[in-house]
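Residue numbers for the sequence shown follow the numbering used here, beginning at -8 and rising by one.
Inspection log for the structure reproduced underneath, given as structure tokens.
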Amino acid sequence: MEERNINEKAVWDVLQMASEVVGSRTLFVGVFDEQFSVMKAFNKEGGSLVEDGLTLPLELAVCNLVTCDEPLVIPNTIRDVRTSNLAIIDGARVGSYLGTPIVLEDGRMFGTLCAVDPDPYQFSESEIQGLNRLAGILSHIIYKNQAAVLPKIEEKILQLDKLALVGQLAAGLAHEIRNPMQSVRGFIQFLFNENEQAEPFQKIVLDELDRMNELINNFLLVTQPTAPKKEIVSIVEVIHDTVAFLKSEAALYNVEMNVRIEGAIPLVSIDPAQMRQVFMNLLKNAIEAMEKKKRGEVNLIIKEWEGWALIDIQDNGSGIPLSIINKVGNPFFSTKDGTGMGLGLSICKTIINEHNGKLAIESDENGTVVTVKLPLTL
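This is the structure:
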């Protein structure tokens, strides 16, 4: 712990120096892992909404564009084609961006030293070179400190191994619970049929048993996904079928659903049943996100892009707060005030991964866009 404090103090000192070198109001160190996370941030008054511990999906983070040995300079994130379509830019109030790579002495990419500002900013050559030199100082500090950090990494790996074992045991237990539950359900039906006075309670008991069974099935799908039975089909037809099925439910929420197809969409190799489940979950989330609106709208846009079928599901709900957007999709995390199990989006991610696809979420106060990318069969 003491070594970690020394490391953070050194990083903080470098950020303070960086704030004197560059005119941007926010400086931070970002670390690359499965996610892009802010290790340390330094904010002047009126800076961007970046703080210690903030994590962003790697595919949405501006800083994942720094993948070489050269600084990445974006004076205006709204006009630059690399960042203009990232909603997270607006959410974090990033109008300009300068990212210099932190490459450790053994050649590994650690992360970036970043300068951002809510407004567009024209970085000078001296600012770029100054930040680059400070990134070199940080790489030396971090590399020398790794000897102290290594035991903590090994401890985390051990914890992950334990969690994996617990997950396997839980999946096995879920299997064992599901089988006797079917027998219990059958006997309860028989007992209720023999006792007419108990008939009003039959539906309540059976509905709760079915809900427990659904939870177990969803849990097993997350922990032990079934291999998809792929067919060459039209993703457009799959989506049209799903939308037609949900039309009546959308009407209850006063939500209008629209499908727009941009150009000819080639066929895809998918499991139609599993992919219907994906779009069913995503559309239900979009519909329920607008429960408090007088009139809601869900737009599905299907298009081809560089060998992918892209499906955007856009709603005009209240959006997902930036502070929790990274947790959305984690098992048992739900924003539905106790009414959700927190497995729907996890299942979607699992199925899409099994199809070699990708799922991304962008959100602000004007609504949420969920993008599903599936490889095309050309």
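Idealized CB from N, CA, C, for every residue including glycine.
No experiment lies behind these values; they were computed from the predicted model shown.
Query, Result
"Cβ pair Ile119, Pro66 closer than 8 Å", "no"
"Pairwise C-alpha distance: Glu116 and Val363", "40 Å"
"Reduced DSSP category for Asn245 - H, G, I as helix; E, B as strand; rest coil", "coil"
"Backbone CA spacing between His131 and Ile338 [nearest angstrom]", "42 Å"
"At least 3 beta-carbon pairs within less than 8 Å: the stretch 38 to 45 vs the stretch 101 to 108", "yes"
"DSSP three-state assignment for Glu(-1), whether helix, strand or coil", "helix"
"Of the listed residues Leu301, Ile168, Asn307, nearest to Val259 (C-alpha basis)", "Leu301"
"Boundaries (first-last residue) of the alpha helix (DSSP H) holding Phe270", "263 to 279"
"Proximity to Leu367 [Cα-Cα], best of Asn136, Lys349, Arg99", "Lys349"
"8 Å CB neighbourhood of Met100 in its chain, flanking five on each side removed", "Phe23, Thr58, Pro92, Ile93, Val94"
"Residue environment, Lys0, which counts as buried when at least 16 other CB atoms sit within 10 Å", "exposed"
"Among Gly86, Thr359, Phe270, Val72, nearest to Asp232 - alpha-carbon criterion", "Phe270"
"Residues sharing a beta bridge with Leu350, DSSP", "Val363"
"Per-residue DSSP class, three states only, for Gly86", "coil"
"Per-residue DSSP class, three states only, for Ala9", "helix"
"Spatial neighbours of Ala235 in its chain, beta-carbon cut-off 6 Å, leaving aside the 5 residues before and after", "none"
"Gln113 - DSSP class collapsed to helix/strand/coil", "coil"
"Three-way DSSP call (helix, strand, coil) for Arg251 in this model", "strand"
"Outcome for Ser174 when other beta-carbon atoms lying within 10 angstroms are tallied against a minimum of 16", "exposed"
"Burial state of Gly298 (16 or more Cβ within 10 Å)", "exposed"
"Backbone CA spacing between Glu228 and Glu356 [nearest angstrom]", "31 Å"
"Status (buried if at least 16 other CB within 10 Å, exposed otherwise) for Ala241", "buried"
"Pick from Glu96, Pro111, Met30 that is closest to Arg70, judged by C-alpha positions", "Pro111"
"Beta strand (DSSP E) segment containing Gly102, residue limits", "100 to 108"
"Of the listed residues Gln113, Met172, Gly308, nearest to Glu247 (C-alpha basis)", "Gly308"
"Reduced DSSP category for Val41 - H, G, I as helix; E, B as strand; rest coil", "coil"
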